[in-house]
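K.L.:
Numbering of the sequence shown is given in our numbering, commencing with residue 158 and proceeding in unit increments.
Yeah, the Cβ is synthetic: ideal placement off N, Cα and C, and Gly gets one too.
In this text, all values refer to a predicted model and were calculated from it rather than measured experimentally.
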Amino acid sequence: MNDNPKNIPEEEEDDLIELVDEEGNTTVFEHLATLEHKGETYLAVSDPEQEGDELEVFILKIETDDKGEDIYTVPDDDVADEVYEAFLKLVEDTADDDAE
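1) Quick check on the burial criterion: 16 or more other C-beta atoms within 10 angstroms. Buried or exposed for residue 174?
2) CA-CA distance, residue 220 and residue 236?
3) Do residue 229 and residue 216 have their CB atoms nearer than 8 Å?
4) Report buried or exposed for residue 214, applying the criterion of at least 16 other Cβ atoms within 10 angstroms of its Cβ.
5) With which residues is residue 251 paired in a DSSP beta bridge?
6) Given a cut-off of 8 Å, decide if residue 172 and residue 194 are closer than it, judged by their beta-carbon atoms.
7) Measure the CB-CB distance between residue 245 and residue 190 and report whether it falls below 8 Å.
8) Do you know offhand how far residue 218's Cα is from residue 210's?
9) Would you identify the three-state DSSP class for residue 227, choosing helix, strand or coil?
10) How big is the Cα-Cα spacing for residue 118 and residue 205?
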């Protein structure tokens, strides 16, 4: 039995997360980074099947519901832009470290 029906490389499969919306629909994302910004925690995720040179990154805020479970919400545009800029800096810093 194939547990990887979308034929995603095994090393990338470890970075996949499934999120379920309020209607019970499941969407798979590739986890790119977890970032702290102004005392809040955010995820940077993308579509693991995305093709092309441009990587579309989605920013999600991690919050906790009344039951203590994590919920993921879309922050307002200004906050999402700030977190995205922090993500780009993290990627750039990581690339610089790898080059050394």
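P.N.:
In brief:
1) exposed
2) 15 Å
3) no
4) buried
5) Residue 251 is not bridged to any residue.
6) no
7) no
8) 26 Å
9) strand
10) Beyond the ends of the chain as shown, which are 158 and 257, falls residue 118; an answer cannot be given.
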